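Note that our numbering numbers the sequence shown so that position 79 is 63, with each residue one more than the last.
Cβ atoms here follow ideal geometry from the backbone N, Cα and C, with glycine treated the same way.
In this text, all values refer to a predicted model and were calculated from it rather than measured experimentally.
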Amino acid sequence: MTTSAPRPSVLFVCVHNAGRSQMAAAFLTHLAGDRVEVRSAGSAPAETVNGAVVDAMKEVGIDISAETPKVLTLEAVQASDVVITMGCGDTCPVFPGKRYLDWQLDDPAGQGVDAVRPIRDEIERRIRGLVTELTD
């Protein structure tokens, strides 16, 4: 008798939820489809997603223009199997039994598309590895 394991859930967290965590969530959704539940949030969410980030993602065929930054909640952390932080420091709550990764990535805030591209590409590289790890 086999039971299918529940799909893994991943939460991406950065301070403003306007750049890095939005790109990571979009790549994971794009590459894993419905095999992984994806969330993103910020400890101090911005009003809108960074325009240069939206433009950089459009260049690789992913439209995140309709996304809005979301506030980090304890419920989102508790509901996630993997929590990936991107420069939110001590503001991310820690719960036992969760897997935490901290990805050191440059902050795209205030940067143009030229500066965002290498951040985007590094996030995509890491997400591809994560997809393989979570879905194999």
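Handout entry: Cβ-based neighbour list, H14, same chain, cut-off 7 Å, excluding 5 preceding and 5 following
Key = I46
Problem - Whole-angstrom distance between L12 and R112, CA atom to CA atom - result: Cα-Cα distance, rounded: 8 Å.
Exercise for the section: Would you identify the three-state DSSP class for L(-5), choosing helix, strand or coil? Expected result: In the three-state scheme derived from DSSP, where H, G and I count as helix and E and B as strand, L(-5) is classed as strand.
Exercise for the section: Just confirm the distance between the C-beta atoms of L85 and I68, as a whole number of angstroms; I'd bet it's less than 8 Å. Expected result: 5 Å
Handout entry: Span separating the alpha-carbon of R104 from that of M7
Key = So the two alpha carbons sit approximately 7 Å from each other.
Handout entry: Rounded C-alpha distance that separates V97 from A36
Key = 5 Å
Practice task
Buried or exposed for A63, please, with buried defined as at least 16 other CB atoms from any protein chain shown within 10 angstroms of its CB.
Solution key: exposed
Problem - Integer-rounded CB distance, given that V(-1) should sit under 8 Å from S27 - result: 5 Å
Practice task
Give the secondary structure of T(-13) by DSSP, where H, G and I count as helix, E and B as strand, and everything else as coil.
Solution key: Summary for T(-13): the model assigns pLDDT 49, below 50, so the residue's position carries little reliability; its value from the coordinates is reported in the next sentence. Taken through DSSP and simplified to helix, strand or coil, T(-13) comes out as coil.
Problem - L58: first and last residue of the uninterrupted alpha helix (DSSP H) it sits in - result: L58 to Q62
Exercise for the section: Could you check what DSSP says for V67 in three-state terms: helix, strand or coil? Expected result: strand
Handout entry: Helix, strand or coil at D86 [DSSP, three-state]
Key = Judged by DSSP in its simplified three-state form, D86 adopts strand.
Handout entry: C-alpha distance - L114 paired with A50, whole-angstrom precision
Key = 25 Å
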